[in-house]
Amino acid sequence: MWQPECFKRDMIGQLRAVQVLKLGKSKAGLVHSTYGFNCMKFLSKAMAITWKDVLSEARSKETIPSVLIFAVLVIVIFNFAFGAGPEQMKLIVPGILWTTFVFAGMLSLNRTFVQEKEQGCLEALIICPIKRHDIYICKTLGNFIFLTVIEAISLPVFVVLFNLPLSVLPMLIVITIMATIGFIAIGTLFSALSVNTKAREMVLPILFLPVVVPVILSAVEASKLVLAGGSWSSIASWLQIIAAFDVIFLVVSYLIFEYVIEE
Amino acid sequence: MENAGYLFAAYALVWVTVFGFILILLNQQKKFRQDLESLNATLKENDTSSGDGS
Amino acid sequence: MNTSHKTKLGLLALSAALMIWAHYMVFVYVPTEAVMGIVQRIFYVMVPVAWLAMFSTFVLFIASIAYLKTRKSSWDAVAYSAAEIGLLFTTLAIVVGMLWAKPIWGVWWTWEPRLTTTLVLWLILLACLMVRKVANDPSRGSIFAAVVGIVAFIDVPIIGMSTTLWRGIHPGGIIFEGGLAPPMLQTLLVSLAAFTVLYVLMMVLRVTVKNNEITIEKLKTLR
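Residue numbers (my numbering), protein chains in the order written: chain A, 952 to 1214; chain B, -1 to 52; chain C, 115 to 337.
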């Protein structure tokens, strides 16, 4: 029987995958029309795909460690590039933080569908008894977990290296989480798109960067205010813009995702 | 009147671009029409020759 | 969407007439603005060009949705043309904006909200056209371009909001928010109408050429 390679990686992943594939074979069509009413069933299926991603990453350790090293490198390089006194540094730090997160995010997003494509997993995903746009939710959730892990580790490194006061952390964390949702909302859509193009690694940034301009801009400005000792109310309007972006692009990407991955 | 140059440049630029674009389009259109005719001709030729052969 | 030759000629005549009228109003009829002087007349070309950039993005949005739903190559042709002409007008809007910024603010480029938004839109439209070329096969390229086209239009207001909050209201806004003098408003409206008709003409021509291209590609695969 034909089996995508990435499913073979580990026992649990394999079992889950076979389960998902079997469902697709036995009830093809039927499942499609009835599963919409069965929320629990959907959730377990969606989780199976997200869980497959997480497990596969936990075993292979392909993405997160390398992206983390990359993030730390970017921080160090920027420190040399802008090597300024502590006062000027305060103005530059938010820019460095967000450049790091954007580039790290793009590296990680680039991987999500490349792996699937290389190992024939994408076809398996498409024939799964799950609606195309629900694959978007699973993949977005997986990307969110990856990026959050990366940021959760690099943010403290950042705070230490640039001697930031610990009191700014709660606000920075909220900004980071909201901006991350914006990144992955559109990033998952575009990474699924770019995997079917000739120059994958080039296409994602060209599509992704201009579209997330509002998120980057808002995140940098909000972080600047936070580092300058601003309160929650002072960053509220920036957070509103990020929130609007998050909601709009989660919905839009969910609606148009199916067109991107059809064969 | 000192800044009239900018005004002139702005209008000239818009007009040159628009006319250039339209000229390129008309040129392409002419080429495509010729292509289309030659293709139709060869298709017809193929049709009649294959019809004779069988 | 193969418009007849007569309609094209009619459009050409209408746009030529409107253009002549608009230029008469811009260079002869409208009084010179007191503060900015003669260079203020760039305004009557900058606004229509920027409007067409936005309008073209809207057309791209509609055509993209229609293409994804119907898969008709004629909608793809409209989407492609709207993206290309949109790129043309965003480029013009940026350059004309620079020619306006230099004498008024003394710099070629300023990160003013509207200029910044136009620049980002320009980058997205460029990506929209590029993604066709790099897709694994042409039909996929059309779908990808449609997806980017939809995202582009939805993103514009958010970019506008963020850049406005970033820079605050720019001087130009204050000048024109006070309301335009009636002759200036009339001139602007005529100019807007003239450029919009020109846009329709350009779109019709571009779509015709694109449709021919698609037909030829089909015939070539037949041969």
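Just so you know, even glycine gets a beta-carbon here, dropped at the ideal spot from N, CA and C.
No experiment lies behind these values; they were computed from the predicted model shown.
Step through the CB atoms of chain A and report whether any lies within less than 8 Å of the CB of residue i.
{"i": "arginine 254 of chain C", "result": "yes"}
{"i": "alanine 164 of chain C", "result": "no"}
{"i": "isoleucine 268 of chain C", "result": "yes"}
{"i": "tryptophan 280 of chain C", "result": "yes"}
{"i": "phenylalanine 203 of chain C", "result": "no"}
{"i": "alanine 114 of chain C", "result": "Here chain C covers residues 115 to 337 and nothing more, so residue 114 of chain C does not appear."}
{"i": "phenylalanine 258 of chain C", "result": "yes"}
{"i": "serine 276 of chain C", "result": "yes"}
{"i": "isoleucine 176 of chain C", "result": "no"}
{"i": "alanine 193 of chain C", "result": "no"}
Determine, for residue i, whether the minimum Cβ-Cβ distance to residues of chain B falls below 8 Å.
{"i": "glycine 200 of chain C", "result": "no"}
{"i": "threonine 322 of chain C", "result": "yes"}
{"i": "leucine 233 of chain C", "result": "no"}
{"i": "methionine 168 of chain C", "result": "no"}
{"i": "methionine 316 of chain C", "result": "yes"}
{"i": "isoleucine 208 of chain C", "result": "no"}
{"i": "leucine 312 of chain C", "result": "yes"}
{"i": "valine 159 of chain C", "result": "yes"}
Can you tell me whether residue i is buried or exposed? The criterion is at least 16 other CB atoms within 10 Å of its CB, across all chains shown.
{"i": "glutamate 1152 of chain A", "result": "exposed"}
{"i": "threonine 184 of chain C", "result": "exposed"}
{"i": "leucine 1048 of chain A", "result": "buried"}
{"i": "leucine 1042 of chain A", "result": "exposed"}
{"i": "asparagine 1114 of chain A", "result": "exposed"}
{"i": "lysine 1090 of chain A", "result": "buried"}
{"i": "alanine 177 of chain C", "result": "buried"}
{"i": "tyrosine 194 of chain C", "result": "buried"}
{"i": "tryptophan 189 of chain C", "result": "buried"}
{"i": "alanine 1187 of chain A", "result": "exposed"}
{"i": "glutamine 1039 of chain A", "result": "exposed"}
{"i": "arginine 1010 of chain A", "result": "exposed"}
{"i": "aspartate 251 of chain C", "result": "exposed"}
{"i": "tyrosine 138 of chain C", "result": "exposed"}
{"i": "glutamine 32 of chain B", "result": "exposed"}
{"i": "glutamine 1191 of chain A", "result": "exposed"}
Spatial neighbours of residue i within its chain, please: C-beta separation below 7 Å, excluding the five flanking residues on both sides.
{"i": "threonine 224 of chain C", "result": "Ala215"}
{"i": "lysine 334 of chain C", "result": "none"}
{"i": "arginine 281 of chain C", "result": "Trp225, Glu226, Pro227"}
{"i": "alanine 1170 of chain A", "result": "Trp1049, Ile1126, Ala1130, Ile1193"}
{"i": "glutamate 1102 of chain A", "result": "Phe1052, Thr1127, Thr1131"}
Using 8 Å as the limit for Cβ to Cβ distance, is residue i near chain C?
{"i": "valine 1203 of chain A", "result": "yes"}
{"i": "alanine 1195 of chain A", "result": "yes"}
{"i": "glutamate 1172 of chain A", "result": "yes"}
{"i": "isoleucine 16 of chain B", "result": "For clarity, residue 16 of chain B is valine in the given sequence; the question names isoleucine instead. Output row for valine 16 of chain B: interface = yes."}
{"i": "leucine 11 of chain B", "result": "yes"}
{"i": "glutamine 26 of chain B", "result": "yes"}
{"i": "leucine 21 of chain B", "result": "no"}
{"i": "tyrosine 1210 of chain A", "result": "yes"}
{"i": "proline 1165 of chain A", "result": "yes"}
{"i": "leucine 1176 of chain A", "result": "no"}
{"i": "leucine 1168 of chain A", "result": "yes"}
Quick one: list the residues of chain C neighbouring residue i, beta-carbon separation under 7 Å, in chain order.
{"i": "aspartate 45 of chain B", "result": "The contacting residues do not exist; aspartate 45 of chain B stays about 11 Å from chain C at best."}
{"i": "isoleucine 1135 of chain A", "result": "What isoleucine 1135 of chain A touches in chain C: nothing, since even the nearest Cβ is about 15 Å away."}
Nearest CA to the CA of residue i: which residue from the options?
{"i": "threonine 15 of chain B", "options": "C:Leu201, C:Pro296, C:Val149", "result": "C:Leu201"}
{"i": "glycine 1034 of chain A", "options": "A:Leu1112, A:Glu1074, A:Leu1019", "result": "A:Leu1112"}
{"i": "glycine 1056 of chain A", "options": "A:Ile1088, A:Val1163, A:Tyr1205", "result": "A:Val1163"}
{"i": "phenylalanine 1021 of chain A", "options": "A:Ile1078, A:Lys1003, A:Ser1105, A:Glu1213", "result": "A:Ser1105"}
{"i": "glutamate 1008 of chain A", "options": "A:Ile1199, A:Gly1093, A:Leu1160", "result": "A:Gly1093"}
{"i": "isoleucine 156 of chain C", "options": "C:Leu206, C:Val265, C:Leu174, C:Ala197", "result": "C:Leu206"}
{"i": "alanine 934 of chain A", "options": "C:Pro296, C:Met244, C:Val144", "result": "It is not possible to answer for residue 934 of chain A, since the shown part of chain A is limited to 952 through 1214."}
{"i": "glutamate 1067 of chain A", "options": "A:Phe1159, A:Leu1120, A:Leu1117, A:Asn1147", "result": "A:Asn1147"}
{"i": "serine 1145 of chain A", "options": "A:Ile1078, A:Trp1189, A:Phe1208", "result": "A:Phe1208"}
{"i": "leucine 1201 of chain A", "options": "C:Asp269, C:Val209, C:Met298, C:Ala197", "result": "C:Asp269"}
Could you pull out every residue in the same chain whose Cβ sits closer than 8 Å to the Cβ of residue i, ignoring the five residues on either side in sequence?
{"i": "isoleucine 152 of chain C", "result": "Thr146"}
{"i": "isoleucine 1135 of chain A", "result": "Gly1056, Leu1060, Thr1091, Asn1094, Phe1095, Leu1098"}
For a contact meaning CB atoms closer than 8 Å, what does residue i contact in chain C?
{"i": "leucine 37 of chain B", "result": "Ile330, Leu333, Lys334, Arg337"}
Name the chain A residues that come within less than 7 Å of residue i, Cβ to Cβ?
{"i": "alanine 241 of chain C", "result": "Ile1157, Leu1158, Pro1161"}
Using a cut-off of 8 Å between C-beta atoms, extract the partners of residue i located in chain B.
{"i": "proline 217 of chain C", "result": "Asn1, Tyr4"}
{"i": "leucine 319 of chain C", "result": "Ile20, Leu23, Leu24, Gln27"}
Which residues in chain B have a C-beta closer than 7 Å to the C-beta of residue i? List them in chain order.
{"i": "glycine 151 of chain C", "result": "Asn1"}
{"i": "glutamate 327 of chain C", "result": "Phe30"}
{"i": "isoleucine 156 of chain C", "result": "Tyr4, Leu5, Ala8"}
{"i": "leucine 213 of chain C", "result": "Tyr4, Ala7, Ala8"}
Residue i versus chain A: which residues are under 9 Å apart at the beta carbon?
{"i": "leucine 125 of chain C", "result": "Neighbours of leucine 125 of chain C on chain A: none; closest Cβ ~33 Å, over 9 Å."}
Apart from the five residues on each side of it in sequence, which residues of its chain come closer than 6 Å, Cβ to Cβ, to residue i?
{"i": "leucine 123 of chain C", "result": "none"}
{"i": "alanine 979 of chain A", "result": "Only weak support exists for where alanine 979 of chain A lies, its pLDDT of 41 falling under 50; the value from the coordinates is given anyway. Nothing listed; no residue qualifies."}
Taking C-beta pairs closer than 9 Å, name the residues in chain B that residue i reaches, listed in chain order.
{"i": "leucine 229 of chain C", "result": "None at all; the shortest Cβ gap to chain B is about 15 Å."}
{"i": "valine 304 of chain C", "result": "Here the premise fails: no neighbours, minimum Cβ distance about 15 Å."}
Residues within the stretch 1145 to 1163 of chain A neighbouring chain E, beta-carbon criterion of under 7 Å: Included in the structure are the protein chains A, B and C, with no chain E among them.
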